[in-house]
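If you count the sequence shown from 1, position 714 lands on 714 in UniProt numbering, and the numbers rise without skipping.
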Amino acid sequence: MILNFLKTSLRYLYRNKMFTALNILGLSIGISACWVIFCVVDYEFSFDNSIPRKEHIYRVISGFVYDGRESLNGGVPKPLPELINTQVAGVTKVVRVYAEQMDKVGITGSKGFNEPENLVRTDKGYFTMVPYKWLAGSPETVFSGEDEVVLTESRANKYFPGISADKLIGKTISYNDTIKKAISGVVRDLELPTAFIGKEFFSIKKRVYEEAEWTSTNGDDKVYIELADQADPEKVLKDINRNSKERSDAYNRKTNDFFTGNIKQWHELRSLRDIHFSPEIGEAGHKMSKTVVYGLMIIGFFLLLLAAINYVNLSTAQIPQRTKEFGVRKTLGGARNHLIGQIFTETFLIAIFSLLLSFAFSRMIFIALKDIIPDEVPQYINYKIGAAFFLVMAVFLPLIAGAYPAALVSKVDPLAIIRKRVSIPLTGRLNLRKSLIVFQFLVAQIFIIATLIVASQMHFVMRKELGFNRNAVVLVDIPWNIRQKEEYKSKQFSLLNEIRNVPGVVKVSLGDPPMQGGYSSSQFSYNGPKGKTTTGQLYRKEVDSSYIGLYGIKLIAGRNLRQSDIAGELVINETAVKHFGFKSPEDALGKMMENGDGKLTIVGVIKDFHSQTFYNRIDPTALFMNKAELGTFNIKLNSDASESWQQTIGLIRKKWNEFYPADYFGYKFYDQNIEEMYKHEKNVSLLINLSTLISVVISCLGLFGLASLTAFQRTREIGIRKVLGATVSGIIKMLSVDFIKLILVSITIGLPISWYAMNKWLEGFAYRIHIHWWMLISGGTVVIVIALLTISFQAFRAASARPVESLKVE
Numbered sequence: 001m002i003l004n005f006l007k008t009s010l011r012y013l014y015r016n017k018m019f020t021a022l023n024i025l026g027l028s029i030g031i032s033a034c035w036v037i038f039c040v041v042d043y044e045f046s047f048d049n050s051i052p053r054k055e056h057i058y059r060v061i062s063g064f065v066y067d068g069r070e071s072l073n074g075g076v077p078k079p080l081p082e083l084i085n086t087q088v089a090g091v092t093k094v095v096r097v098y099a100e101q102m103d104k105v106g107i108t109g110s111k112g113f114n115e116p117e118n119l120v121r122t123d124k125g126y127f128t129m130v131p132y133k134w135l136a137g138s139p140e141t142v143f144s145g146e147d148e149v150v151l152t153e154s155r156a157n158k159y160f161p162g163i164s165a166d167k168l169i170g171k172t173i174s175y176n177d178t179i180k181k182a183i184s185g186v187v188r189d190l191e192l193p194t195a196f197i198g199k200e201f202f203s204i205k206k207r208v209y210e211e212a213e214w215t216s217t218n219g220d221d222k223v224y225i226e227l228a229d230q231a232d233p234e235k236v237l238k239d240i241n242r243n244s245k246e247r248s249d250a251y252n253r254k255t256n257d258f259f260t261g262n263i264k265q266w267h268e269l270r271s272l273r274d275i276h277f278s279p280e281i282g283e284a285g286h287k288m289s290k291t292v293v294y295g296l297m298i299i300g301f302f303l304l305l306l307a308a309i310n311y312v313n314l315s316t317a318q319i320p321q322r323t324k325e326f327g328v329r330k331t332l333g334g335a336r337n338h339l340i341g342q343i344f345t346e347t348f349l350i351a352i353f354s355l356l357l358s359f360a361f362s363r364m365i366f367i368a369l370k371d372i373i374p375d376e377v378p379q380y381i382n383y384k385i386g387a388a389f390f391l392v393m394a395v396f397l398p399l400i401a402g403a404y405p406a407a408l409v410s411k412v413d414p415l416a417i418i419r420k421r422v423s424i425p426l427t428g429r430l431n432l433r434k435s436l437i438v439f440q441f442l443v444a445q446i447f448i449i450a451t452l453i454v455a456s457q458m459h460f461v462m463r464k465e466l467g468f469n470r471n472a473v474v475l476v477d478i479p480w481n482i483r484q485k486e487e488y489k490s491k492q493f494s495l496l497n498e499i500r501n502v503p504g505v506v507k508v509s510l511g512d513p514p515m516q517g518g519y520s521s522s523q524f525s526y527n528g529p530k531g532k533t534t535t536g537q538l539y540r541k542e543v544d545s546s547y548i549g550l551y552g553i554k555l556i557a558g559r560n561l562r563q564s565d566i567a568g569e570l571v572i573n574e575t576a577v578k579h580f581g582f583k584s585p586e587d588a589l590g591k592m593m594e595n596g597d598g599k600l601t602i603v604g605v606i607k608d609f610h611s612q613t614f615y616n617r618i619d620p621t622a623l624f625m626n627k628a629e630l631g632t633f634n635i636k637l638n639s640d641a642s643e644s645w646q647q648t649i650g651l652i653r654k655k656w657n658e659f660y661p662a663d664y665f666g667y668k669f670y671d672q673n674i675e676e677m678y679k680h681e682k683n684v685s686l687l688i689n690l691s692t693l694i695s696v697v698i699s700c701l702g703l704f705g706l707a708s709l710t711a712f713q714r715t716r717e718i719g720i721r722k723v724l725g726a727t728v729s730g731i732i733k734m735l736s737v738d739f740i741k742l743i744l745v746s747i748t749i750g751l752p753i754s755w756y757a758m759n760k761w762l763e764g765f766a767y768r769i770h771i772h773w774w775m776l777i778s779g780g781t782v783v784i785v786i787a788l789l790t791i792s793f794q795a796f797r798a799a800s801a802r803p804v805e806s807l808k809v810e
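Structure below.
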């Protein structure tokens with residue numbers, strides 16, 4: 001029986017090649033999109049799943065309120081881990097994971113390596129919390145002294161190629177030429193995905209912490225705690241906050257420090273599972289918002305649903321042509337379940353062919369989204385889970401997509417067929433099919449409108465006046481660890497003078513770029529008239545006296561900074577003038593501002609410029625002169641000679657080599673740097689564009705098939721109308737009007753949904769476009785045009801056929 005079903009189904013699918021191809025193509029595109037999204041979602045939810053007792057492990061993070069602005073930091077004050085270990089009940093393990101920086105790694109017999117990444121200082125307990133496999137050494141014996149290092153297998157192979165792990169124990173590695181570390185262990189790299197990305201591990205030196213360190217937090221100082229089985233995380237957190245507040249308050253009372261005293265600080269516990277989904281803590285490394293992941297899941301679901309709807313529409317539309325076949329089968333003794341089995345077999349075969357084709361489409365989607373999808377996703381794919389995914393698709397997709405067509409076929413009345421009366425209830429079938437068409441184009445329209453609005457916002461972001469000139473500016477950064485070395489201190493000023501004389505360089509300045517990803521701020525106070533004191537955060541830019549001129553920032557009152565860091569001066573922006581209550585920019589000149597470092601005089605006021613992305617409003621900002629902090633060259637090139645820029649950069653590199661190690665030279669065009677700040681938004685735009693393309697293609701495939709079937713079903717009517725004088729345009733209108741009505745319904749429903757969803761997205765921007773009526777209408781117009789082109793092709797073919805051929809059908 002099964003063999004007979006297969007033969008009959010294959011024969012039918014082969015006989016109806018076009019509809020078979022449309023069904024397979026639509027389903028394969030939907031399945032491949034769903035599979036790619038499934039891989040990404042599985043990857044994101046798999047972080048650190050291999051960690052034992054992960055449900056009991058938490059990360060302690062810090063929260064702050066500066067001047068009414070709330071922020072989170074992934075680090076904690078350095079004395080806090082010891083306090084948790086000794087004062088907080090319910091905690092069984094406290095592990096510190098501090099980022100470490102080294103300039104250089106020296107290996108005997110090797111040229112060495114510069115700026116190694118993923119160096120970590122940690123505790124011995126780290127290796128019992130995180131399940132490393134030991135290739136040499138053991139967690140019990142490592143870190144018995146402070147001059148030890150543990151390497152991962154990949155780092156050991158990089159430093160000592162061809163040497164087995166056990167032979168590395170005791171070998172010495174030199175850091176920064178003077179720090180010697182003996183290898184005490186080698187561990188296998190953790191399987192991806194994981195947030196524990198350390199490659200070289202040092203022990204944390206024991207020391208007594210000062211009271212002032214309770215008010216200082218570094219995002220690189222991470223702390224993990226493991227709780228006892230019965231411990232209550234909320235009670236543990238309450239104890240941590242109470243003890244921490246007691247220490248910081250005691251220090252603030254002792255020092256009467258208005259800066260730290262005006263900051264509200266607290267701690268939070270983030271479970272190990274949730275750390276990966278916490279981009280708001282603002283630390284390096286791959287982080288993902290759960291909102292984005294859930295959004296991906298919704299997109300994948302709808303794309304697969306569109307493909308399944310396509311199949312249902314095309315299958316049910318073909319049933320009127322098959323009623324005679326089904327009626328004859330029933331008359332000859334075919335059982336009802338045999339007809340149902342036939343439909344499910346056809347659906348199963350189409351699903352299998354679609355699954356096979358989806359492998360090719362999946363590869364294409366991975367390539368198209370290579371800038372969005374983490375590089376590890378294709379490597380991480382769990383083939384057992386993948387096999388389960390495709391098995392579910394092969395089983396449930398035919399059941400879901402084939403259920404309704406099978407139910408219709410089972411109702412065929414053989415006697416009515418013999419009398420040429422189709423007994424399938426058409427009204428319900430047509431209503432469902434119409435609803436499915438409306439739903440398909442509703443989804444497609446929402447994607448199209450989203451594409452238009454996201455593209456418009458990105459164009460606005462990249463073209464809006466920033467308050468400074470970013471064109472033809474090259475940034476060259478001096479690494480912090482190089483700047484701190486005694487032999488390199490103050491060399492940047494000598495190099496600055498050399499760069500000024502390089503042909504092709506218009507201007508050069510040392511300072512923080514106007515708009516950048518991170519920021520530094522300080523609490524300031526101004527004692528105004530009648531004893532009124534105003535405090536607030538000033539977002540600071542460490543700059544020299546050439547900075548304002550290089551970026552074309554408009555000075556609206558007063559003067560520029562002097563080229564001296566002992567003058568005690570600052571230049572503030574318009575927003576700072578308003579924040580501190582000055583009557584005008586001129587009124588602010590000469591006023592004294594105070595912070596923890598002393599008093600500074602306002603000597604100038606500049607026009608507002610954007611220092612952060614458009615998610616944030618312009619904040620009170622000040623320009624300072626602090627020579628010790630100047631580490632980025634801002635180099636303005638000749639904008640009219642872009643063809644010689646690389647030659648100019650080559651000359652700058654030569655000058656760099658005279659002052660700093662050649663290996664540390666790197667440059668980036670500032671306009672590209674700004675574009676990278678909106679990488680997430682560009683990724684969202686690319687994802688929506690691809691989703692729009694897929695949804696439109698799937699919808700058009702279905703519409704194309706339905707238009708073909710409609711034309712075929714009305715072949716005799718078309719022939720009669722043409723004999724009676726109907727024009728080709730009239731026939732096209734007749735065949736198109738019902739579909740256009742359905743699409744107009746989808747547009748009517750989709751417009752308010754699109755407006756609401758995209759307005760919510762735009763609310764995240766402090767500076768944004770407004771959704772104009774033409775954006776919504778354009779989306780609807782695109783849907784109608786695409787639908788008309790799809791329908792008109794088949795309608796024109798039917799309308800152009802000779803009437804005599806049409807009438808022969810009956």
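All C-beta atoms, glycine included, are put in the ideal place defined by N, C-alpha and C.
Within a Cβ cutoff of 6 Å, which residues of the same chain sit near ALA307, ignoring the five residues on either side of it in sequence? GLY26, LEU27, GLY30 and ILE698
Determine the closest residue to LEU237 out of LEU693, VAL91, VAL392 and LYS679, with distance taken between C-alpha atoms. VAL91
Can you tell me the Cα-Cα spacing of ILE769 and LYS733, whole angstroms? 39 Å
Within the UniProt domain "ABC3 transporter permease C-terminal" (692-800), ranges of the alpha helix (DSSP H) (whole runs, at least 4 residues): 715-723, 728-762 and 773-800
In whole angstroms, what is the alpha-carbon distance linking ASP512 and ALA455? 30 Å
Please return the same chain residues whose Cβ sits closer than 7 Å to the Cβ of residue 812, not counting the five positions on each side in sequence. Nothing can be reported for residue 812, as the shown portion of the chain is limited to 1 through 810.
The region 495-513 contacting the region 541-561, beta-carbon criterion three pairs below 8 Å: Counting Cβ pairs under 8 Å, three or more are found: they touch.
Using 10 angstroms around the beta-carbon of PHE344, count the other beta-carbons present and answer buried if the total reaches 16, otherwise exposed. buried
What does a CB cutoff of less than 6 Å around SER271 pick up in its chain, not counting 5 residues either side in sequence? TYR58
Less than 7 Å between C-beta atoms, sequence neighbours within five positions excluded: which residues of the same chain meet that for VAL443? PHE302, LEU306 and SER695
Anyone know if the C-beta pair for ILE37 and MET297 falls short of 9 Å? Yes, Cβ-Cβ distance for ILE37 and MET297 is below 9 Å.
Using three-state DSSP, classify SER423 as helix, strand or coil. Residue confidence for SER423 is low, a pLDDT of 45 falling below 50, so the modelled location carries little weight; the figure read from the coordinates is stated next. Three-state result, SER423: coil.
From the DSSP secondary-structure annotation, give me the bridge partner or partners of MET592. THR601
Starting from PHE127, trace the alpha helix (DSSP H) both ways and give me its first and last residue. 126-129
Using the DSSP secondary-structure output, state which residues sit across from GLU148 in a beta bridge. ALA182
By how many angstroms is the C-alpha of ALA388 removed from the C-alpha of ALA360? 19 Å
Does DSSP put GLY428 in a helix, a strand or coil? Its pLDDT being 48, under 50, GLY428 is placed unreliably by the model, and the measurement read from it follows with that caveat. Looking at GLY428 - three-state DSSP - the assignment turns out to be helix.
Sequence-distant residues of its chain with Cβ nearer than 8 Å to PHE259 (five each side left out): In this prediction, PHE259 scores a pLDDT of 48, lower than 50, which makes its location untrustworthy; no coordinate-derived value is stated.
Kindly identify the DSSP beta-bridge partner or partners of ASN527. THR533
When burial is assigned at 16 or more other CB atoms within 10 Å of the CB, is GLY581 buried or exposed? exposed
C-beta contact flag for THR705 and PHE64 at 9 Å: For clarity, residue 705 is Gly in the given sequence; the question names Thr instead. For GLY705 and PHE64, no; Cβs fall outside 9 Å.
Along the chain, where does the beta strand (DSSP E) that runs through GLN516 open and close? Run containing GLN516: none; DSSP gives neither H nor E here.
Applying the criterion that 16 or more other CB atoms from any shown protein chain within 10 Å of the CB defines a buried residue, is PRO752 buried or exposed? exposed
With PHE439 and ILE309 assumed to form a contact (beta carbons below 8 Å), what rounded beta-carbon distance in angstroms separates them? With a beta-carbon spacing of about 7 Å, PHE439 and ILE309 fall inside the 8 Å limit used to define contacts.
Work out the CA separation of THR692 and ILE424 for me, nearest whole Å. Unreliable placement is indicated for ILE424, whose pLDDT of 47 sits below 50; the coordinate value is still reported in the next sentence. Whole-angstrom Cα-Cα distance: 36 Å.
GLY198: which of GLY170, ALA228, VAL150 and CYS700 sits nearest, CA to CA? If you compare the alpha carbons of GLY170, ALA228, VAL150 and CYS700 with that of GLY198, the shortest gap goes to VAL150.
Going by beta carbon distance, what residues of the same chain come within less than 7 Å of LYS78, once the five residues before and after it are set aside? TYR209, GLU213 and ASP221
Helix, strand or coil for LYS167? Go by DSSP, reduced to three states. In the three-state scheme derived from DSSP, where H, G and I count as helix and E and B as strand, LYS167 is classed as helix.
Mapping the DSSP letters down to three states, classify GLY300 as helix, strand or coil. Residue state, collapsed to three classes: helix.
Check THR217 in the structure and name its three-state DSSP category. coil
Distance, Cα to Cα, TYR756 vs GLU763? 11 Å
Looking at C-beta atoms only, is the number of pairs between the region 462-481 and the region 628-640 that lie closer than 8 Å three or more? yes
Using a 10 Å radius around the Cβ and a threshold of 16 neighbouring Cβ atoms, would you call LEU630 buried or exposed? When all chains shown are included, LEU630 counts as buried.
Residues sharing a beta bridge with TYR58, DSSP: ILE225 and SER271
Under 6 Å Cβ to Cβ from SER46, same chain only, skipping five residues before and after it: list those, please. PRO193
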